[in-house]
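Numbering that gives the first Met the number 0 numbers the first residue of the sequence shown as 0 and each following residue consecutively.
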Amino acid sequence: MNNNMDNPKNPKNDEVERYRRERVEQFRMNIKDDSAEAVKPQNQESSDFSDEITSFSDETTKAQIEKASKKELRRQKREEKKVARIKAGRNKRAFRIAWLFMLVMVCVVVTQFLVTGCNDFLAIKRKDETEVTVRVKADYTVESLADQLEDLGIIDSKVFFKMFADLTGKADDITPGVYHIPKNKDYLGILNYLQFTGNVQNTIEVTITEGTNILELVEILYTEGVTAEEDKEEFLRLCNSDEFDEDFEFLSEIEENVDREYKLEGYLFPDTYEFYIDEAPEQTIRRFLNNFQNRVYNYEYDVEGYSEPVTLIEVIENTGVYSLDEFVTIASIVQGEAANEEDMKKVSSVIHNRLEVGPEYDIHTLGMDSTIFYPYKTQEDVPEDIRDTFESKYDTYDNKGLPPGAICSPSANALLSAVVPADTDYLYFCHSAEGESFYAETLYEHQSNLSKAGLD
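So, in structure tokens, the structure goes:
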């Protein structure tokens, strides 16, 4: 060991001590300058030593921040995954519950559907033995048959019936006609009943009401199964032809009129008929014409002014005023205008008075509402494409005298009223919404009646 270093009086020791103090002082100055540099603005210059210290400090801080950021990011990702797992678990549970609920609902619906179908198939709940009439047309389909059976209450589900009929094929060989089926049969029993020809009736009873016109009549006959769809046009053609003139003299006496819509309008007598299913239109029309001929030429009626019952044709010939065809036209208007049978004779008197003395009172048309839209009943019946511009040649507001022909099929009472009207001087009439009749001889009285009837 060097002893000189331990001796404080040694000059060398003093020199070393002085050097040491200078270094400490210099270090202090450097620390002080570094602190000053730390508060200097960034745009001020600093010493090389300070730059080294600052640069070292920034890199360290940046590394620490990046490390902390990565750690935080990893923590956040762990949290997000944890939340996602929780949500996924909840969603799975919700989906499973919803799926299970839907499955249960589907099972309930399907089960109910099958139970309903089985009950209907086996007629478990159908105890009513009442017979209903089923009309099978020549152009029937399984679907149309199922619709009819459901409407009649014979089956409850046309869907199941159609499925059964299609699967078994037992609805393919049903004879068109009329059947009277008990309402308590199961599907197989229904189809077996319809296939047995001993149960079929080849005729059908149809009632044609008074006031029906030809366009309405053909639709009724089609709906009831009397006239096939492909025969409807033929039916209308025959109603405006001369093909029956040789067999019915009253038709051959009708004067030609180009404005006449249907020659046979008014002559297809309203009544209850027995028709064949899908019978030929010519045969159907002959039934109507034969009935009309019997009613006019053979039936006898009690007529005022006659001591004994007489036929209509005798009364018509005795009057000598109008032809049979003209009386049929008057009767059809009476049918269309009168509120009831009691009203018919008075309505007929207004028509006769207007035709005979109307011009004397400046009345030149019949002005009957029932004629405005013929061959249709109302404006709503007119085809939509011509509804706004339609003008009937039968309109007795625009045309003088009687229309070109009848507007509907009048009843026997309407015919009698047309031939023998009430003895009045009425020139006007109207009806309230309730069907109450008001008659007047003058326009002034008529306007008062319109007010009473709530029509002004």
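Even glycine gets a Cβ: it sits at the ideal position worked out from N, Cα and C. In this text the structure is predicted, and so the values were computed from the model without any measurement.
Residues that DSSP places opposite residue i in a beta bridge
i                 : result
glutamate 273     : Glu204
cysteine 117      : Note: cysteine 117 sits in no beta bridge, so no partner.
threonine 132     : His179
phenylalanine 428 : Tyr438
valine 309        : Tyr300
CB contact flag (residue i, residue j, <8 Å)
i                 : j              : result
leucine 323       : isoleucine 329 : no
valine 177        : glutamine 200  : yes
isoleucine 207    : leucine 216    : yes
valine 327        : glycine 265    : yes
leucine 220       : threonine 283  : yes
proline 175       : glutamate 233  : no
isoleucine 203    : tyrosine 192   : no
arginine 125      : asparagine 183 : yes
leucine 151       : alanine 170    : no
isoleucine 347    : proline 420    : Per the sequence shown, the amino acid found at residue 347 is serine instead of isoleucine. Taking 8 Å as the Cβ cut-off, serine 347 and proline 420 qualify as a contacting pair.
alanine 469       : glycine 434    : Nothing about residue 469 can be reported from this structure: the residues present for the chain run from 0 to 455 only.
asparagine 352    : aspartate 277  : no
leucine 311       : tyrosine 321   : no
lysine 136        : alanine 145    : no
leucine 426       : glutamate 440  : yes
glutamine 198     : lysine 376     : Checking the sequence shown, residue 198 turns out to be asparagine, not glutamine. It is not a contact, given that the beta carbons lie outside the stated cut-off.
glutamate 260     : glycine 404    : yes
glycine 210       : cysteine 407   : yes
phenylalanine 163 : tyrosine 186   : yes
arginine 286      : tyrosine 272   : yes
Reduced DSSP secondary structure (H/G/I, E/B, other) of residue i
i                 : result
isoleucine 286    : Isoleucine is not the amino acid found at residue 286; the sequence shown has arginine there. Of the three classes helix, strand and coil, the one that applies to arginine 286 here is helix, per DSSP.
cysteine 407      : coil
threonine 328     : helix
aspartate 47      : Low confidence applies here, because aspartate 47 scores a pLDDT of 48, under 50, leaving its location unreliable and the question unanswered by this model.
valine 105        : helix
asparagine 448    : helix
asparagine 90     : helix
alanine 35        : Legend: pLDDT at alanine 35 = 47, less than 50; position of this residue unreliable, no value from coordinates given.
lysine 126        : coil
tyrosine 443      : helix
aspartate 380     : helix
phenylalanine 247 : coil
histidine 363     : coil
alanine 417       : helix
glutamate 316     : helix
phenylalanine 268 : coil
asparagine 239    : coil
glutamine 41      : Residue placement at glutamine 41 is flagged as unreliable, the pLDDT there being 49, under the threshold of 50; the coordinate-derived value follows with that caveat. Coil, per DSSP.
leucine 263       : coil
glutamate 254     : coil
isoleucine 385    : coil
leucine 323       : helix
glutamate 65      : helix
threonine 370     : helix
valine 349        : helix
aspartate 230     : helix
lysine 76         : helix
asparagine 293    : helix
asparagine 412    : helix
proline 358       : helix
glycine 335       : helix
proline 402       : coil
arginine 279      : The question names arginine, but residue 279 in the sequence shown is alanine. If DSSP states are grouped into helix, strand and coil, alanine 279 belongs with coil.
alanine 137       : coil
aspartate 342     : helix
glutamate 390     : coil
leucine 99        : helix
glutamate 433     : coil
threonine 59      : helix
Subject >> Complete runs of the beta strand (DSSP E) confined to the region 144–225 [at least 3 residues] >> reply: 176–181, 202–206
Original post:
Any chance the region 328–346 sits against the region 407–414, with 3 or more Cβ pairs inside 8 Å?
Top reply: yes
**OP:** Evaluate contact between the region 285–298 and the region 390–406, counting only Cβ atoms and requiring at least three cross-stretch pairs below 8 Å.
**Re:** no
Original post:
Per the contact definition of three or more C-beta pairs closer than 8 Å, is the region 387–395 in contact with the region 302–312?
Top reply: no
Original post:
So does the region 357–376 actually touch the region 443–453, counting three or more Cβ pairs closer than 8 Å?
Top reply: no
Subject >> Sufficient close CB pairs (3 or more, under 8 Å) joining the region 335–344 to the region 415–425 >> reply: yes
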